[in-house]
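Line order of the protein sequences matches chains E and G. Counting the first sequence from 1 gives a position; this note's numbering is that position plus 386. Position 76 of the second sequence, counting from 1, maps to 56 under this note's numbering, and the rest follow consecutively.
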Amino acid sequence: MKKMWKGNHAIAEAAMRAGCKFYAGYPITPQTEIPEYLSARMPELGRTCIQAENEMSAVYMILGAYSCGMRCMTSSSGPGISLKQEGLSYICAYYLPAVIVNVQRWGPGLGTLDSAQTDYLRDTRGGGNGDYRVIVLAPNSIQESIDLMYESFDIAEKYRNPVEIMSEAALGQMMEAVEFPEFKDREGELDWTYDGTNRPHGKLPDSEKSAAALAKYTKIAEEFQRWESYRTEDAEYVFVAFGLPSRTSRNAVDQLRANGEKVGLIRPITLWPFPIKAFEELGPQVKGLISVESTDTGQLIEDVALAAKKCKIDVPVYGLFSGLSISKTKAISEFYREVKSGQRKEVY
Amino acid sequence: MAVTKTTPKLVDIPNKFCPGCGHGILNRLIAEVIEENGYEQKTIMTLGVGCDCNMNSTFLGDTIQCAHGRAASTATGVKVARPDLLSIAYQGDGDAYVIGLSETLNAAYRNTNITVFVVNNNNFAMTGGQMSWTTMAGQVTTTSPAGRDTKATGNPIKLPEIVSGFDVAYVARGSVHSAEEIMKLRKYVKNAIEAQLAGEGYSLVEALCQCPTNWGMDTRHSLEWMEAEVVPYFELGELKERKAK
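Written as structure tokens, this is what we have:
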């Protein structure tokens, strides 16, 4: 039977179901319900929850524990995830798994507590020093937050790379009816972990790291793209949106379709790797792509334009940027009509 | 009577420190105590950033190279995942007391059951001898070329004295400037490691070490300078003794 759960509590419980044995974190709105929930839940399960002195310390605790193969995670919001970038860079450098949750809030600096997607470029491009990527998963419902979290440790361990669940303030704070999967543990053992015996950890000589990074991230990009296409078969204009803006965009598609407009939606679920394959499926009837995102200056739209180029879709790419709010269905429909009537200028 | 010279297996290859450096002595003492306790296959050593990076290839047990200053946090994570293993953080004074001051103090504050060894050679040695928080008043470094001005930069930090005020298991400061002090330091290393193995909590040992390369002295003068200038300021001995002994 489904029960009402708050997003942040649900994602924390899903991590427990996925076999997470250790959490380290630090309070920051709007993700604080995750460490709050786990500080009660993990002792019940005989697991460890540490309130760290800062975000950096938390991510290094995760680096240390996952070096030894323990399923573990940290979470934060925009400014806190900035502080974790050094550690994430090290985790990637060492080919370690890790799971991170970013419940995004708006803005640079202290920002505000409003729901937003303004960390998109930082989180999908690596974010720290060096050339690496974090696998970024973007749920648009609390049930999907649970489902993606349930998979995330398996994905992180398969590719020996961190996985971030990119949530949003409103998605963390709202409640929906959900169901949880059964408790599970990792199947089999990791053969590279630190166990005191100084066995091989799969480290590469520096001379091979560059080629190995290209091979690894090319492989992930090829085989791990996920998305949802909605009514795109004959669509002339296609919205592209993830997370909460994808919900209002989907409503806009239904309303515009009811009025005879040929529109559709591509919803990326993996933000990195970006689902370029979704664009390969679009037909020659497409006249424009519209990125709908909770950013100030446009971030997702860069990937939309790159995907269009990759797939030889030579159409204008428009952007509806709603900053520290989520575009309402009506605003999206109006933006579409302005695009169609030539009142809007393309970004790319 | 025949004398057999043995070297602990964990340090049984030449180290990569500069000639006359004190690090190698501490490396060996730690290796001896680990092996005495039968933990040569059950130890994970987290290395800070600095001259200790050399130990990635010369300390023959499991080593995790973490970021500058974050060894105490990393070693904490190791201990959470593997409480059955010995989790050691090995750092220099710049790593543990300057950039990593927060991580060092907070791991001690929580009384985390890890062991931290800090080589205090009064400077950032790996980068060529810059001022550290343990640089002596008046000491010339590349970033205190006129001698350290403590009015502007603070007095040399006494980290063991600070953490010995916390609820921790064991804190000591030793030195490698004489055979007598090396034997005392060995006792401190043994207490620190055995405190962790007994589950008593956080232990820290600071080792005063010479750095002839960056001090611009030969080894003999380095040892004399330590005895005359460093040891009187950084007093040697146990600052927090084990309760459970």
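A virtual CB, placed ideally from N, CA and C, is assigned to each residue, including glycine. Bear in mind that the values here come from a model prediction, so they are computed numbers and not experimental data.
Under the Cβ criterion of 7 Å, Ile142 (chain G) is not counted among the residues facing chain E.
Taking the beta carbon of Ile414 (chain E) as reference, no residue of chain G falls within 7 Å; the closest one sits roughly 17 Å away.
Counting only the Cα atoms, Ala524 (chain E) lies some 42 Å from Gly179 (chain G). Membership of Ile699 (chain E) in any beta strand (DSSP E) is not indicated, and neither H nor E is assigned to it by DSSP. The beta carbon of Thr715 (chain E) sits closer than 7 Å to the beta carbons of Thr634, Asn637, Ala638, Gln641 from its chain, once the five residues preceding and following it are set aside; these are given in chain order. Against Cys478 (chain E), chain G offers no close residue; the least beta-carbon distance is about 12 Å (beta-carbon pairs closer than 8 Å). Under the Cβ distance rule, Asp42 (chain G) counts among the residues neighbouring chain E, one pair being separated by less than 7 Å. With its beta carbon less than 7 Å from one in chain E, Val60 (chain G) belongs to the interface. Here the alpha carbon of Ile14 (chain G) sits roughly 6 Å from the alpha carbon of Glu20 (chain G). What Lys22 (chain G) touches in chain E, judged by beta-carbon distance under 9 Å, is Asp581, Gly582, Thr583, going in chain order. Cβ-Cβ distances below 6 Å link Val520 (chain E) to Pro548, Glu550 in the same chain, with the five nearest sequence neighbours on each side left out; the list follows chain order.
Within the DSSP secondary-structure output, Val98 (chain G) pairs in a beta bridge with G:Gln71, G:Glu186. Collapsing the DSSP output to three states places Gln45 (chain G) in a strand. Leu469 (chain E) is outside the set of residues whose beta carbon lies under 7 Å from a beta carbon in chain G. In the DSSP assignment, Ile652 (chain E) falls within the beta strand (DSSP E) that extends over 649 to 654.
Glu720 (chain E) and Gln729 (chain E) have their alpha carbons spaced roughly 11 Å apart.
Shown in chain order are the members of the segment 445 to 464 of chain E whose Cβ falls below 9 Å from a Cβ of chain G: Val445, Tyr446, Met447, Ile448, Leu449, Gly450, Ala451, Tyr452, Ser453, Cys454, Gly455, Met456, Cys458. The residues Asp517, Tyr518, in chain order, have a CB closer than 8 Å to that of Ala599 (chain E) in the same chain once the five nearest residues on each side in sequence are set aside. With distances taken between CA atoms, Thr95 (chain G) lies nearest to G:Met25 out of G:Val210, G:Cys1, G:Cys(-2), G:Met25. For Phe625 (chain E), the enclosing beta strand (DSSP E) starts and ends at 623 to 626.
Interface residue (Cβ-Cβ distance to chain G less than 7 Å): Ser443 (chain E) is classified as such. The DSSP-derived three-state label of Glu619 (chain E) is coil. Tyr480 (chain E) sits in coil when the DSSP states are folded into three classes, being neither helix nor strand. Residues of chain E whose Cβ lies closer than 9 Å to the Cβ of Ala47 (chain G) are, in chain order, Met442, Tyr446, Leu449, Glu472, Gly473, Ser475, Tyr476. Under the 10 Å beta carbon count, Ala208 (chain G) is surrounded by fewer than 16 other beta carbons and is classified as exposed. The Cβ of Phe539 (chain E) sits no closer than 7 Å to any Cβ of chain G. Closest in alpha carbon position to Met163 (chain G), among G:Leu40, G:Ile79, G:Leu9, is G:Leu9. Thr618 (chain E) sits buried, since 16 or more C-beta atoms from the chains shown fall within 10 Å of its C-beta. A direct Cα-to-Cα measurement between Asn91 (chain G) and Ile142 (chain G) gives close to 13 Å. Within the model, the alpha-carbon separation for Gln190 (chain G) versus Ile687 (chain E) is close to 57 Å. Nearest neighbour of Lys589 (chain E) by Cα position, chosen from E:Ser425, E:Glu608, E:Tyr409, E:Tyr481, turns out to be E:Tyr481. By the C-beta density criterion, Pro421 (chain E) is buried, having at least 16 other C-beta atoms within 10 angstroms.
With its beta carbon at least 7 Å from every one in chain G, Glu430 (chain E) lies outside the interface. Our two residues, Glu724 (chain E) and Val690 (chain E), have alpha carbons roughly 20 Å apart in a direct line.
Listed in chain order, the beta strand (DSSP E) runs fully inside the segment 504 to 548 of chain E are 521 to 523, counting runs of at least 3 residues.
With fewer than three CB-CB distances shorter than 8 Å, the segment 565 to 572 of chain E does not count as touching the segment 501 to 518 of chain E.
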